[in-house]
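Residues 189 to 628 in the numbering used here are what the sequence shown spells out, letter by letter.
Even glycine gets a Cβ: it sits at the ideal position worked out from N, Cα and C.
Heads up, the thing below is written out as structure tokens.
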Amino acid sequence: MANFSKSNNNVVVITGVAKNLPKNPLLNPDLRTTAPASIRSASSANSNGVQSYLSHRVLFHDQRCFLTGSLSGGIQACHLVNAIRTKNRPGKVNLKRQVEFILTRQGFNGRREFFLDSLVNCVGLDVHWHGELDIRGSFCITVPLKQIFEIATALTSENINWEHRVVHDPKAKRNLDTTQYPFVVREVVVLVIHPKLFLADNQPIIMNTQRSLRPVGQTIPDSTARESWKMYYPQQNGPYLQDAAGSLLMSLEFKTNRTQDTALSVFSLLLNADAKLQELRAEGLPAETFDALSLYKIAVASAVERIFFLPKDLQDAGPFPNGEPGTAVGGVEDTSPTNSMNVDARGGGNGGESMNIDGRGGGNDADGLLGTTGVDCEDEFDYESESESGESESMEPDQLKRTVGQVSDGTLPGTTRAQAARALLMTRPAHHNPLSPLLV
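What follows is the structure, encoded as structure tokens:
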């Protein structure tokens, strides 16, 4: 707060002492990190409160920027599967519950319930990289290629077992132990999809490759040796980062103080990467870069397809066993025609409800569903872009509306599980991605 006083015809600005500053989790290791019930609730409407709380919690557990390893109190919680904000939108409450039900059923948090606004669905990024990941999609983060293949193999085996169990118990749940490899995130890979958007004018990104965490009983992490900070550039003929000497940064160790209950969901990470890799374009990319990214694209899509597998005879009551999806919590009826989302868990469409998604929200849905091309930086951004005339552009209905819940192998012609997953993502085509004013 600045106070103004006039003395000898001069204006003097007196800056008062700052009060009630938020505590920095890096310097206060004993801060409470359990969310109040209002924030844990799937129908919480205080989006700013949720975002601030999640940012605090990510900083407390991860301590460093997920990408660069920088130690900063300004790290934001970046949703890998975008949150659905319910404030002043009663119909969104049911939509959020339905999405969380689907992702819980598919094992996004193992055998535990999955919430969009939870640590398992968030990573910490500086505001710039938060925007680059969610708005421009200039890069993506995934696990190493070998682990992606192992995830797909493990899911193939589990899906067969799940289908066999459903024959004897139509309500059998997927049985994934996400506390064990390959379903844990130990290493991450940074893939540069649009080099000129990622870093323009040959600007380097400074990264810490030897990241330490706060030891027990200490308030801040051990100091990092200066030689651990290196400048990296996008590889000229590949999707990786390389230092000035040409050494490639193939992967980074993900260090965190998270527990098993709050461990990062590898499914969320793959789903986020899939949204960006599916919009891969060859234009402007060297052949070697495009080929390497295409390999990741195929591998990630294969894993995502297996993530969204459903046994054809599976039966579950959905998130609304005793009520219609059209009635929100508190008895407020959702009359919006754009929020239709019904659940058919069986996959065969045999008398069950279908599940369609139309997330247009009047062409201005800042929440999206799993929209990883829309950033959730304190809800400042939305999915719309502006044309040269200044008018908002929105995706065509056939780009937005997808059938998801009843998709399984062969039950919906021309649609695969991976396509269903990407339909949930509400991914904007590449030509809709906002470009840097420096490049246009």
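Check: Going by DSSP, what residues sit across from W417 in a beta bridge?
Finding: Position 229 of the sequence shown holds residue 417. Answer is N396.
Margin query: Please list the terminal residues of the continuous beta strand (DSSP E) segment that includes D431.
Written below: Within the sequence shown, residue 431 is the residue found at index 243, counting from 1. Here the beta strand (DSSP E) through D431 covers 429-431.
Next item on the list: Report back the beta-carbon spacing between R252 and R399 to the nearest angstrom; my notes put them in contact at under 8 Å.
Entry: Stepping through the sequence shown from its first residue, residue 252 is reached at position 64. Stepping through the sequence shown from its first residue, residue 399 is reached at position 211. Right, their Cβ atoms sit about 6 Å apart.
Next item on the list: With a threshold of 6 Å, establish whether the CB of V492 neighbours any heavy atom of the ligand FAD.
Entry: Judged by which ligands are present, the structure shown has none, so any question about the ligand FAD falls away.
Margin query: Would R245 and G295 be called neighbours here (beta carbons separated by less than 7 Å)?
Written below: By one-based count along the sequence shown, residue 245 stands at place 57. By one-based count along the sequence shown, residue 295 stands at place 107. The Cβ atoms of R245 and G295 do not sit closer than 7 Å to each other.
Next item on the list: Let me know the secondary structure DSSP gives E579 once reduced to three states.
Entry: Here residue 579 refers to the residue found at position 391 of the sequence shown. For E579, the predicted structure reports a pLDDT of 36, less than 50, and the residue's modelled location is therefore unreliable. The matter cannot be settled from this model.
Check: Does DSSP put H382 in a helix, in a strand, or in coil?
Finding: To locate residue 382, count along the sequence shown from 1; it is residue 194. In the structure shown, H382 sits in coil (DSSP, three-state: anything other than H, G, I, E or B).
Check: Does the pairing of the segment 285-301 with the segment 426-441 give three or more beta-carbon distances under 8 Å?
Finding: Under the three-pair Cβ rule at 8 Å, the segment 285-301 does not count as touching the segment 426-441.
Checklist line | Residues near L436 by beta carbon distance below 6 Å, same chain, minus five either side | finding: Here residue 436 is taken as the residue at index 248 of the sequence shown, counted from 1. Within the same chain, L436 has close Cβ partners Y428, Q430.
Notebook entry, point to check: Mind checking whether K485 and L465 have CB atoms under 7 Å apart?
Noted result: Here residue 485 corresponds to residue number 297 of the sequence shown, with the count starting at 1. Here residue 465 corresponds to residue number 277 of the sequence shown, with the count starting at 1. At a Cβ-Cβ threshold of 7 Å, K485 and L465 count as neighbours.
Check: What residue range is occupied by the uninterrupted beta strand (DSSP E) comprising L307?
Finding: Stepping through the sequence shown from its first residue, residue 307 is reached at position 119. Here L307 belongs to no beta strand (DSSP E), and DSSP marks it neither H nor E.
Check: For E471, does the three-state DSSP call read helix, strand or coil?
Finding: Along the sequence shown, read from residue 1 onward, the residue named residue 471 stands at position 283. Looking at E471 - three-state DSSP - the assignment turns out to be coil, as it is neither helix nor strand.
Checklist line | I394 versus A480: straight-line alpha-carbon distance, rounded | finding: Here residue 394 is taken as the residue at index 206 of the sequence shown, counted from 1. Here residue 480 is taken as the residue at index 292 of the sequence shown, counted from 1. Using only the alpha carbons, I get a separation of about 24 Å.
Next item on the list: Could you tell me if R661 is buried or exposed, where buried requires 16 or more neighbouring beta carbons within 10 angstroms of its beta carbon?
Entry: Outside the displayed range of the chain (189 to 628) lies residue 661, so it cannot be described from this structure.
Checklist line | Per-residue burial, S345 [other beta carbons within 10 Å of its own, 16 or more giving buried] | finding: Start at 1 with the first residue of the sequence shown, and residue 345 comes out as number 157. Exposed.
Note to self: With the cut-off set at 7 Å, would you say L343 and R494 are in Cβ contact?
What the structure shows: Reading the sequence shown from its first residue, position 155 is the one you call residue 343. Reading the sequence shown from its first residue, position 306 is the one you call residue 494. Against a cut-off of 7 Å, the Cβ pair of R494 and L343 comes out as a contact.
Checklist line | At least three beta-carbon pairs within less than 8 Å, the segment 351-360 to the segment 371-390 | finding: The segment 351-360 and the segment 371-390 do not touch, with fewer than 3 CB-CB distances between them shorter than 8 Å.
Next item on the list: Output the boundary residues of the alpha helix (DSSP H) element that contains F707.
Entry: The requested residue 707 does not occur in the structure, where the chain is confined to residues 189 to 628.
Item checked: Residues near F289 by beta carbon distance below 6 Å, same chain, minus five either side -> Within the sequence shown, the letter at position 101 stands for residue 289. Within the same chain, F289 has close Cβ partners P507.
Notebook entry, point to check: Residue range of the beta strand (DSSP E) that Q466 falls in?
Noted result: The count along the sequence shown starts at 1 and reaches residue 466 at position 278. That residue, Q466, is in no beta strand (DSSP E); it is neither H nor E in DSSP.
Next item on the list: Rounded to whole angstroms, what's the CA-CA distance from L500 to F337? Just pull it up for me.
Entry: On the sequence shown, position 312 is the one that residue 500 refers to. On the sequence shown, position 149 is the one that residue 337 refers to. The sequence given here has Lys at residue 500, not Leu. K500 and F337: Cα-Cα distance of roughly 25 Å.
Notebook entry, point to check: Any idea if S241 is buried or exposed, counting beta-carbon neighbours within 10 angstroms, 16 or more meaning buried?
Noted result: For the purposes of this step, residue 241 is taken as residue 53 along the sequence shown, with counting starting at 1. Ser is not the amino acid found at residue 241; the sequence shown has Tyr there. By the Cβ-count criterion, Y241 is buried, with 16 or more other Cβ atoms from all chains shown falling within 10 Å of its own Cβ.
Check: Where P474 and K384 are concerned, what is the direct C-alpha to C-alpha distance, given to the nearest angstrom?
Finding: On the sequence shown, residue 474 is found 286 positions in, with the first residue counted as 1. On the sequence shown, residue 384 is found 196 positions in, with the first residue counted as 1. Across the structure, P474 and K384 are spaced so that their CA atoms are roughly 13 Å apart.
Check: In this structure, does DSSP put Q264 in helix, strand or coil?
Finding: Position 76 of the sequence shown, counted from the first residue, corresponds to residue 264. When secondary structure is reduced to three states using DSSP, Q264 falls in the strand class.
Margin query: Alpha carbons only, please: which of A491, F496, L452 is nearest the one belonging to A340?
Written below: Within the sequence shown, numbered from 1, the residue matching residue 340 stands at position 152. For A340, the closest alpha carbon among the candidates A491, F496, L452 is that of A491.
Next item on the list: For the alpha helix (DSSP H) holding K280, just list the boundary residues, first then last.
Entry: Mapped onto the sequence shown, residue 280 falls at position 92. Secondary structure note for K280: its alpha helix (DSSP H) is the uninterrupted segment 278-293.
Next item on the list: Could you give the DSSP three-state label for L630: helix, strand or coil?
Entry: Residue 630 lies beyond the range of the chain shown here (189 to 628); nothing can be said about it.
Notebook entry, point to check: So A396 packs on S258, CB below 8 Å; how close in whole Å?
Noted result: Residue mapping note: residue 396 aligns to position 208 of the sequence shown, counting from 1. Residue mapping note: residue 258 aligns to position 70 of the sequence shown, counting from 1. For the record, residue 396 in the displayed sequence is Asn; it is not Ala. Contact flag correct, Cβ pair sits at about 7 Å.
Margin query: Considering Cα atoms alone, identify which of M438, Y420, S439, K443 is closest to A432.
Written below: By one-based count along the sequence shown, residue 432 stands at place 244. Among M438, Y420, S439, K443, the Cα nearest to that of A432 belongs to Y420.
Next item on the list: Specify the secondary structure class of G426 as computed by DSSP and reduced to three states.
Entry: Taking the first residue of the sequence shown as 1, we reach residue 426 at position 238. G426: coil per DSSP, three-state reduction.
Next item on the list: Would you decide whether G472 is buried or exposed? Buried here means 16 or more other CB atoms lie within 10 Å of its CB.
Entry: To locate residue 472, count along the sequence shown from 1; it is residue 284. So G472 ends up on the exposed side.
Checklist line | V454, DSSP secondary structure in three states | finding: Taking the first residue of the sequence shown as 1, we reach residue 454 at position 266. V454: helix per DSSP, three-state reduction.
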